[in-house]
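J.: Residue numbers (the numbering used here), protein chains in the order written: chain H, 35 to 256; chain G, 35 to 256.
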DNA sequence: GAAACGTCTTCAGGTGGCTGTCAGCTTGGT
DNA sequence: ACCAAGCTGACAGCCACCTGAAGACGTTTC
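Next comes the structure, spelled out in structure tokens:
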């Protein structure tokens with residue numbers, strides 16, 4: 035997932051960003067209201083973590099303007115104190131959930147998971163190889179440090195076949211079948227080339243070759 | 035194979051686990067939905083046996099979230115009663131087969147076999163030597179601790195001949211015949227070499243030499 | 001429209017695992 | 001002790017696989 039974190043506190047922001055990164059999500063961190071609105075305009079996010087107390091205006095206004103634009107991106111509010119009025123205002127303005135500071139990272143994780151599930155987006159990677167998270171139905175993988183790596187459509191198609199049945203050995207023929215939906219034959223080592231490219235992005239050990247049989251995801255890669 | 039059993043009933047779970055374990059598979063047993071999801075996240079399985087009625091949520095959700103993640107691990111459902119609606123919902127959600135409780139262990143075995151066969155993996159080892167399972171038509175053997183040992187195609191061919199008729203003594207000539215489909219003569223001790231290589235992987239006692247006659251699989255190896 | 005860019009496919013040279021061969025050694029029978 | 005049969009480490013050749021490069025094609029940018 036792609037997450038926008040709106041938080042002016044350096045310490046807290048850093049902790050949250052790191053933690054959410056570790057869950058395998060791409061995190062942009064906006065430290066002011068202007069920052070946040072610029073980001074929201076430029077990028078489509080799957081989730082927004084929103085602090086209501088910002089130096090240059092209320093976080094609530096960000097949420098309101100989002101919903102005014104009929105943007106239904108899930109928003110989780112982080113309120114500075116357990117102020118009932120804040121929470122009510124936030125939820126009324128269209129927030130999906132809220133957290134009370136000091137933020138417990140485990141709780142944050144659980145709430146992100148719950149909200150995302152409600153929206154049908156994926157928060158759990160289908161697979162983690164070498165600390166690199168692979169997500170289903172997304173042409174992107176996330177490295178351990180949070181950096182995003184984009185996959186081309188063919189690269190992703192190959193990886194998808196391998197990940198769908200993790201413990202199985204998949205033959206080149208099976209992979210080709212998935213790549214070229216009937217008819218469109220290919221007469222060279224295309225699959226080998228894409229495996230090679232995937233290895234460059236995922237790490238050499240990520241995909242195991244079984245000579246004369248096919249390929250398989252390495253299950254033991256830590 | 036590595037199997038995840040999701041079942042909250044102690045009695046039934048124990049019986050099923052024991053039975054499946056006897057077939058030579060590694061079985062993890064999850065007794066709750068949370069347990070099951072944690073296991074699925076951490077480990078790649080070849081098969082999931084899924085009870086739909088769990089204390090902390092529906093087993094169907096587990097299946098749905100698996101398929102949402104484009105995970106195609108085979109799933110066999112166990113429904114509490116012969117509820118048509120359950121079965122239909124399960125199959126629609128992407129289950130591969132279903133069992134009706136009370137579970138008949140023989141039927142369970144047959145269905146596991148059928149589902150696995152559809153996916154090209156074998157569930158019944160042709161033979162167990164030294165706690166190492168040998169599967170038909172696969173160039174792979176599995177040690178007692180679950181570690182996999184890959185065989186080269188020639189190694190496999192030799193082992194296959196020996197396993198095909200377990201108690202019989204197979205001559206070198208017969209084995210050579212299987213290795214080199216007519217014409218392609220071999221004029222050295224190739225068979226001896228491959229027996230040696232196999233012994234290195236299977237254990238010294240796995241293959242017995244009958245001087246002047248041929249080889250045979252040791253049946254007494256525990 | 002032209003240039004810059006990214007993707008897909010093909011090809012060619014390189015690499016490493018698999019294979020068959022042999023030589024020297026071990027084992028079993030007499 | 002001797003011989004025949006079998007065992008196994010070493011090695012050269014082969015073939016499956018790997019990978020860098022380049023051309024064809026489509027897309028974006030100016």
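Using N, Cα and C, we set each Cβ at its ideal position, and we do this for glycine too.
1) In chain order, what residues of the same chain lie with their CB nearer than 6 Å to the CB of residue 41 of chain H, ignoring the 5 residues before and after it?
2) Would you tell me roughly how many angstroms separate the C-alpha atoms of residue 107 of chain H and residue 223 of chain H, rounded to the nearest one?
3) Could you say which of G:210, G:150, G:166, G:172 lies nearest to residue 234 of chain G if we only look at CA atoms?
4) Quick one: what's residue 63 of chain H bridged to in DSSP?
5) Give me the DSSP bridge partner(s) of residue 45 of chain H.
6) Of the residues that make up the stretch 160 to 192 of chain G, which ones have a beta carbon closer than 7 Å to any beta carbon in chain H?
7) Residues in the same chain with beta-carbon distance under 6 Å from residue 147 of chain G, minus the five sequence neighbours each way, listed in chain order, please.
8) What are the start and end residues of the beta strand (DSSP E) that includes residue 82 of chain G?
9) Going by the DSSP bridge assignment, what does residue 133 of chain G pair with across the sheet?
10) Give the range of the beta strand (DSSP E) segment to which residue 248 of chain G is assigned.
11) Just to make sure I have the definition right: I need the residues of chain G whose C-beta is within less than 9 Å of the C-beta of residue 244 of chain H. Which are they?
12) Residue 58 of chain H: which of H:172, H:189, H:245 sits nearest, CA to CA?
13) For residue 202 of chain H, decide whether its Cβ has a neighbour in chain G, counting only Cβ atoms nearer than 8 Å.
14) Put residue 243 of chain H into one of helix, strand or coil per three-state DSSP.
15) Assign residue 129 of chain G to buried or exposed, taking buried as 16 or more other Cβ atoms, counted over all protein chains shown, within 10 Å of its Cβ.
16) With a CB to CB cut of under 7 Å and the five nearest residues on each side skipped, what residues in its chain are close to residue 255 of chain G?
17) Opposite residue 92 of chain H in the DSSP bridges: which residues?
18) Got a sec? Which residues, its chain only, sit under 6 Å from residue 36 of chain G by beta carbon, not counting five neighbours each side?
19) Quick check: the stretch 97 to 111 of chain G against the stretch 187 to 205 of chain H, are there 3 or more CB pairs under 8 Å?
20) For residue 184 of chain G, does the three-state DSSP call read helix, strand or coil?
21) Would you say residue 88 of chain G and residue 121 of chain G are within 8 Å of each other, going by their C-beta atoms?
22) Tell me which residue opens and which closes the alpha helix (DSSP H) that residue 147 of chain G is part of.
23) Taking all protein chains shown into account, do 16 or more other C-beta atoms lie within 10 angstroms of the C-beta of residue 183 of chain H, making it buried, or fewer, making it exposed?
24) Which residues mark the beginning and the end of the alpha helix (DSSP H) in which residue 126 of chain H is found?
25) Please identify the residue among H:205, H:95, H:136 whose C-alpha is closest to the C-alpha of residue 246 of chain H.
26) Closer than 8 Å, CB to CB, is residue 155 of chain G near chain H or not?
27) Can you tell me where the alpha helix (DSSP H) with residue 212 of chain H in it begins and where it stops?
28) When you compare the CB of residue 199 of chain H with every CB in chain G, is at least one pair closer than 8 Å?
29) Using the C-alpha atoms, what's the distance from residue 161 of chain G back to residue 77 of chain G?
30) Using three-state DSSP, classify residue 55 of chain H as helix, strand or coil.
31) Compute the Euclidean distance between the alpha carbons of residue 62 of chain G and residue 69 of chain G, then round it to the nearest angstrom.
32) Does the Cβ-Cβ distance between residue 244 of chain H and residue 209 of chain H come in under 8 Å?
33) For residue 131 of chain G, which residues from the same chain have a beta carbon less than 6 Å from its beta carbon, with the 5 sequence-adjacent residues on both sides left out?
34) Taking just the CA atoms, how far does residue 212 of chain H sit from residue 252 of chain G?
T.: The answer reads as follows:
1) Closer than 6 Å at the Cβ level, and outside the excluded window around residue 41 of chain H, lie 47, 85.
2) Between the C-alpha atoms of residue 107 of chain H and residue 223 of chain H there is a straight-line separation of about 43 Å.
3) G:166
4) H:39
5) For residue 45 of chain H, which the question treats as bridged, DSSP gives no partner whatsoever.
6) 173, 184, 187
7) 157
8) For residue 82 of chain G, the uninterrupted beta strand (DSSP E) segment begins and ends at 81 to 85.
9) G:112
10) 248 to 251
11) Annotation: Cβ neighbours of residue 244 of chain H in chain G (cutoff 9 Å, chain order): 173, 174, 184.
12) H:172
13) Any Cβ of chain G closer than 8 Å to the Cβ of residue 202 of chain H would place that residue at the interface, and such an atom is present.
14) strand
15) buried
16) Confidence at residue 255 of chain G is low in this model, with a pLDDT of 47, below 50, so its placement is unreliable and the value that follows should be read with caution. Around residue 255 of chain G: 163, 164, 239, 240.
17) Partner(s): H:87.
18) 60, 79, 80
19) Segments in contact, yes.
20) strand
21) No, these two residues do not count as a Cβ contact at 8 Å.
22) 139 to 152
23) exposed
24) 118 to 126
25) With distances taken between Cα atoms, residue 246 of chain H lies closest to H:205.
26) yes
27) 206 to 213
28) yes
29) Spanning the alpha carbons of residue 77 of chain G and residue 161 of chain G requires a straight line of approximately 26 Å.
30) helix
31) Cα to Cα, the separation comes out at about 10 Å.
32) no
33) 110, 145, 149
34) 43 Å
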